[in-house]
Amino acid sequence: MFKHTAGIHPYVVDIRTKRFESSFLVRTAKDWNMSAASVFPSKYDVGASKSRVNRHLQS
74 MFKHTAGIHP YVVDIRTKRF ESSFLVRTAK DWNMSAASVF PSKYDVGASK SRVNRHLQS
């Protein structure tokens, strides 16, 4: 995925390895990268961000 792709949030984590693709961190990064841009508030608020990420992951 590229950051400039439409609908992608600006906090994408780059994953470059196949060797550890089933590890927890890489799986988590894939989920993070697939998060909708609406999960991330325009102004940083840790409480709101955690709530939106949690809601997104439960859907």
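All residue numbers for the sequence shown refer to the working numbering, where the first residue is 74 and numbers rise by one.
Backbone N, C-alpha and C fix where the C-beta goes; we use that ideal spot for every residue, glycine too.
Predicted model only: the values in this text are computed from it and were never measured.
Separation of residue j from residue i, as counted between CA atoms
i	j	result
S96	K103	11 Å
R92	D118	35 Å
L98	W105	10 Å
G120	R89	30 Å
Cut-off 8 Å between Cβ atoms - residues of its own chain near residue i, not counting five sequence neighbours on either side
i	result
R125	S111, V112, F113 and P114
Cut-off 7 Å between Cβ atoms - residues of its own chain near residue i, not counting five sequence neighbours on either side
i	result
A34	Missing from the structure shown is residue 34; the chain here goes from 74 to 132 and no further.
Q131	none
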